[in-house]
Structures are given as structure tokens and as C-alpha cells.
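Residue numbers (the working numbering): 1 to 318. The block underneath contains the structure these notes are about, expressed in C-alpha cells.
Now the structure itself:
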């Protein structure tokens with residue numbers, strides 16, 4: 001059995017081939033302004049090396065239509081996917097139609113199936129990266145809602161009524177204030193108001209020599225007061241998002257994932273402390289976990305979906 005997983009991420013496309021005799025083989029390439037499905041096909045074909053997948057699943061950074069065939073709306077780097085039936089594209093490219101899923105939901109499915117939350121039936125996930133992705137499972141069922149938006153938009157909860165406008169249209173979203181793209185914007189003064197935050201000398205050196213900047217740069221320069229203050233604000237904003245998730249979905253476990261979790265010893269205890277302190281007094285204080293390999297969360301979830309699209313899109317009973 002061979003399953004093909006394609007993760008269309010915010011900064012890179014990641015591809016995984018899961019084969020019973022070889023485990024998982026992965027490849028990735030950056031998304032740098034232009035995006036073309038032909039490049040995805042070429043990279044996947046190289047990884048498949050002549051093998052035909054029995055199942056294909058694709059993760060996208062947005063809202064998926066109810067049929068699980070494509071994005072309801074495509075913006076930015078993935079604007080080329082507007083009105084594209086990704087399931088049909090997969091069928092014409094690989095000989096089998098794809099199941100399409102929101103990337104955060106796929107990541108949570110991966111952690112429930114064979115990761116840090118194995119066996120849990122009530123869980124939420126927050127992924128901290130280019131944006132802030134979220135997902136929820138209640139009593140083993142993936143939360144979707146009547147129109148596919150449930151559970152995945154907690155990163156767009158308003159945390160500052162006087163904050164800047166987010167590309168989503170809302171004001172003061174957590175993602176617009178505490179994500180990788182927001183950090184890079186603020187450090188370079190690329191916002192609509194041209195505002196630039198104060199930075200220390202080491203972070204300023206990175207601003208001048210690196211592109212784009214990431215949360216890791218903030219963590220690695222936290223010995224500078226300016227970086228420490230920004231990091232503290234980010235942690236409080238992320239914590240507020242998780243508090244909102246816990247109040248809404250009452251999970252037993254919170255999965256925190258994304259590239260920033262390479263610094264889990266800094267991030268995870270601070271988030272758990274904030275959340276446990278700010279939850280409603282009678283709320284359950286959930287357990288916090290993070291994947292050993294956060295970069296594989298989405299691909300693992302996609303492999304489970306590719307293996308059994310109907311079951312894994314509706315519930316996690318494995």
C-alpha cells in the first residue's frame with residue numbers, strides 16, 4: 001500500500017509517501033510568491049518513483065468545501081487554486097482522486113492517529129507558524145459545523161479591538177498580531193501604517209540579513225529586552241486563543257504544534273501556565289502536549305485520510 005500526502009503550507013509545500021515496506025519518505029520546496037500545481041506533481045512523481053498511490057490526500061491552508069474537493073476561497077500565494085477541483089486534479093495526475101482537508105484538522109488527525117494525542121477523544125490543536133491554525137475533536141468527531149468553518153478559525157478571535165485589520169477582514173485577530181507573517185511585517189515596518197517595533201541589536205542584525213524573520217528569531221534573541229517583551233506578548237496572545245478553545249470545546253488535551261515548538265521548553269510551560277491561570281474557575285485544566293516531529297503532523301493525518309477518507313474525515317475511532 002502506498003499513500004501520497006501533499007501539505008500546501010504557508011511557507012513550503014511538503015510531500016510524503018507512506019509505504020508499508022519503506023515507512024515515510026518526504027520532500028519539500030518553498031512557496032515563494034508563485035505557486036504552480038505542475039511543480040507539486042513533479043515533486044510527487046519524483047518521490048513516488050514509479051509507484052502508483054492507492055490513496056491521495058491534500059492539506060490546504062483554508063476552508064474546505066463540504067465535499068472535500070478544494071478550497072472555498074483561495075488567497076495570496078494560493079490564489080491559483082481558486083475554483084480548482086483538487087480531487088479531480090489528483091485523479092488526472094496520479095490516477096486516484098484526492099481527499100482535501102484543512103491543514104490544522106489534518107494535523108490534529110495525525111496526532112490522534114499516531115502522535116502525541118493517541119487515544120484521546122476530546123482535543124484541540126493550535127499550530128503556530130506562518131499563521132495560527134486551529135482544530136477541534138469532540139467525542140472522537142472532527143468538528144466541522146454546518147458550513148465547514150467550525151473549530152478552524154480560533155486564530156481569528158479578536159484579542160485587540162483597536163488592532164490592525166487582518167486579511168480575513170476582522171480587526172485585531174490573534175493571527176494578525178502574533179504570527180510569523182505579523183512579526184516579519186512589524187520588524188520591517190511593512191504594515192499599512194508603516195509602524196516598526198523597537199528591536200535590540202542582535203534581532204536588528206537578523207532583520208537586515210535574513211528574510212523572512214520567524215518566531216525562532218524572537219526566541220533566540222530573548223536575552224534582549226525588546227525581544228523578551230515581544231515574545232511575552234506573543235505567548236499571552238497564543239494563550240488567549242487556547243483559553244477560547246478550551247471554553248468553547250472543553251478538551252482533555254491541547255496539542256501545540258508548528259515550527260516554533262522546536263523551542264518547546266520555552267513555549268509550552270508558559271502557555272500551560274497562562275491557560276490554567278485564565279480558564280473559568282470550574283473548567284478542566286487540560287494536559288498540554290507537543291509532537292516529537294511537528295513537521296510530520298499534517299502528513300501523518302493526510303496518510304490516515306488517504307487510507308480511509310470517509311472514516312477519518314468524520315471521526316477518529318482508530
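Heads up, the beta-carbon is just placed ideally off N, CA and C, and yes, glycines get one too.
Comparing alpha-carbon positions, which option in 235, 10 and 79 lies nearest residue 159? Comparing alpha-carbon positions, the option among 235, 10 and 79 lying closest to residue 159 turns out to be 235.
Burial state of residue 25 (16 or more Cβ within 10 Å): It counts as exposed.
With which residues is residue 165 paired in a DSSP beta bridge? According to DSSP, residue 165 bridges with 171.
Can you give the Cα-Cα distance for residue 184 and residue 178, rounded to whole angstroms? In this structure, the alpha-carbon of residue 184 lies about 10 Å from that of residue 178.
For residue 155 and residue 143, what's the separation of their Cα atoms in angstroms? Cα to Cα, residue 155 sits roughly 16 Å from residue 143.
For the beta strand (DSSP E) that residue 254 lies in, which residues bound it at each end? It spans 253 to 257 - the beta strand (DSSP E) in which residue 254 sits, taken as one unbroken run.
Determine, using beta carbons only, whether residue 4 and residue 59 come nearer to each other than 9 Å. With respect to residue 59, residue 4 sits apart: the two C-beta atoms are not nearer than 9 Å.
Given a threshold of 16 other Cβ atoms within 10 Å of its Cβ, counted over all protein chains shown, does residue 1 qualify as buried or as exposed? Exposed is the call here.
Could you say which of 55, 32, 28 and 124 lies nearest to residue 42 if we only look at CA atoms? Cα-wise, what sits closest to residue 42 is 28.
Which class does residue 93 belong to by DSSP, given the choice of helix, strand or coil? Note: residue 93 maps to helix in three-state DSSP.
Separation of residue 23 from residue 101, as counted between CA atoms: Roughly 22 Å between the two C-alpha positions.
Tell me which residues share the same chain as residue 105 and place their Cβ nearer than 7 Å to its Cβ, disregarding the 5 neighbours each side in the sequence. If we look at residue 105 and ignore the five residues flanking it on each side, its Cβ neighbours are 135, 142 and 152.
Unbroken beta strand (DSSP E) run spanning residue 4, endpoints: Element bounds for residue 4: 2 to 8.
Is DSSP giving residue 277 helix, strand or coil here? In the structure shown, residue 277 sits in a helix (DSSP, three-state: H, G or I).
When you compare the CB positions of residue 257 and residue 111, do they come within less than 9 Å of one another, or not? Between residue 257 and residue 111, the C-beta gap is smaller than 9 Å, which places the two residues in contact.
Checking 9 Å against the spacing of the C-beta atoms, do residue 298 and residue 107 come in under that value? Taking 9 Å as the Cβ cut-off, residue 298 and residue 107 qualify as a contacting pair.
Where residue 55 and residue 96 are concerned, what is the direct C-alpha to C-alpha distance, given to the nearest angstrom? Their backbone Cα atoms lie some 7 Å apart in a straight line.
Contact set for residue 242: own chain, Cβ-Cβ below 7 Å, skip 5 residues either direction: Around residue 242: 126, 254, 271 and 275.
Taking the C-alpha atoms as reference points, what is the distance between residue 72 and residue 50? Roughly 32 Å separates the two Cα atoms.
Does DSSP put residue 180 in a helix, a strand or coil? Three-state result, residue 180: helix.
Excluding the five sequence neighbours on either side, which residues of its own chain have a C-beta within less than 6 Å of the C-beta of residue 318, listed in chain order? Only weak support is given to the placement of residue 318: the predicted model assigns it a pLDDT of 37, under 50, and the question is left unresolved by the model.
Confirm the yes/no value for this check: CB of residue 116, any heavy atom of the ligand ZN, distance under 8 Å. Questions concerning the ligand ZN fall outside what the structure shown contains, since it holds no ligand whatsoever.
Whole-angstrom C-beta distance between residue 203 and residue 217, which should lie under 8 Å: The Cβ separation is near 6 Å, so the contact holds.
From this set, 21, 35, 86 and 99, which residue's C-alpha is nearest residue 304's C-alpha? For the residues 21, 35, 86 and 99, the minimum Cα distance to residue 304 belongs to 99.
Which residues mark the beginning and the end of the beta strand (DSSP E) in which residue 132 is found? From DSSP, the beta strand (DSSP E) with residue 132 extends over 132 to 138.
Counted within 10 angstroms of its Cβ, other Cβ atoms place residue 103 as buried (16 or more) or exposed: Using a 10 angstroms sphere on the CB of residue 103, the tally of other CB atoms reaches 16 or more, which defines it as buried.
Helix, strand or coil, according to DSSP, for residue 290 in the structure here? Coil at residue 290, not helix or strand.
Looking at the unbroken beta strand (DSSP E) that takes in residue 100, where does it start and where does it end? Looking at the DSSP string, the run of the beta strand (DSSP E) that includes residue 100 is 98 to 102.
Identified DSSP bridge partners for residue 14: For residue 14, which the question treats as bridged, DSSP gives the partners 7 and 28.
From which residue to which residue does the alpha helix (DSSP H) around residue 237 run? Where residue 237 is concerned, the enclosing alpha helix (DSSP H) stretches over 225 to 249.
Starting from the Cα of residue 288, find the closest Cα among 307, 277, 268 and 296 and give me that residue. Distance from the Cα of residue 288 is smallest, within the candidate group 307, 277, 268 and 296, for 268.
Quick one, which of 39, 133, 88 and 129 has its alpha-carbon nearest residue 63's? Ranked by Cα distance from residue 63, the options 39, 133, 88 and 129 are led by 133.
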